[in-house]
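In my numbering, the protein residues as written are 44 to 226. Quick notes on the structure that follows.
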């Protein structure tokens, strides 16, 4: 997780892990450039008007919430599309009925089965390698996907995307995340 400092009207990030990001490796975001904050996400998300999602460690949740309130930034809850796409990679077994419900939910979000299946296929090797280390059985989301495909976990170098492929996927993933509907 990046180091974060909250100033009066900006958030400063240090050691941000994702090369494709507008703030990599160090940068700041002014409050007026923030569209909304998803405080309940794992990890919490700062969504920019430019269409990028930035991540803040959950240890800063209170500070992020105070920053949002003092700068009148909406705190919202949205359907976590990426967690549903990643459900297949959890260390959990799901029934065919459960899998069908997830496909239907994603279809309601505008993602057809072919897109979901292709995305899962693209992510299969890095996500399985990542979760073989993490053993997560409850939640994997966009942050986990980006960590996996950038190879930022033990033995991740062997499964990471090329720099160009990561950059391309990063911005497609941001676009998808920004389309999520309110809960």
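In this text, a Cβ means the ideal position worked out from N, Cα and C, and glycines have one as well. As the structure is a computational prediction, the values presented were derived from the model and not from experiment.
Would residue i pass as a contact of residue j if the rule is Cβ separation under 9 Å?
{"i": "residue 227", "j": "residue 121", "result": "This structure cannot speak to residue 227, because the chain is shown only from 44 to 226."}
{"i": "residue 74", "j": "residue 114", "result": "yes"}
{"i": "residue 61", "j": "residue 117", "result": "no"}
{"i": "residue 224", "j": "residue 150", "result": "no"}
{"i": "residue 192", "j": "residue 166", "result": "yes"}
{"i": "residue 72", "j": "residue 96", "result": "no"}
Just to confirm my understanding: we take residue i, look at its own chain, exclude 5 residues before and 5 after, and list those with CB closer than 8 Å. What are they?
{"i": "residue 104", "result": "82 and 87"}
{"i": "residue 46", "result": "56, 57 and 58"}
{"i": "residue 101", "result": "85, 86 and 87"}
Among all the DSSP beta bridges, which residues are the ones paired with residue i?
{"i": "residue 90", "result": "79 and 96"}
{"i": "residue 49", "result": "54"}
{"i": "residue 218", "result": "Answer is none; residue 218 lacks a bridge partner."}
{"i": "residue 225", "result": "121"}
Based on Cα-Cα distance, which residue from the options lies nearest to residue i?
{"i": "residue 182", "options": "191, 127, 145 and 202", "result": "127"}
{"i": "residue 170", "options": "133, 153, 157 and 154", "result": "133"}
{"i": "residue 52", "options": "124, 64, 76 and 66", "result": "76"}
{"i": "residue 186", "options": "205, 64, 93 and 69", "result": "64"}
{"i": "residue 221", "options": "44, 48 and 94", "result": "94"}
{"i": "residue 226", "options": "142, 124, 140 and 147", "result": "124"}
Whose C-beta lies closer than 7 Å to the C-beta of residue i among residues of the same chain, with five residues either side of it excluded?
{"i": "residue 162", "result": "128"}
{"i": "residue 145", "result": "127 and 130"}
{"i": "residue 111", "result": "80 and 118"}
Apart from the five residues on each side of it in sequence, which residues of its chain come closer than 6 Å, Cβ to Cβ, to residue i?
{"i": "residue 107", "result": "87 and 99"}
When the Cβ atoms of the region 184-197 are set against those of the region 164-176, are three or more pairs found closer than 8 Å? yes
Does the pairing of the region 151-159 with the region 208-215 give three or more beta-carbon distances under 8 Å? no
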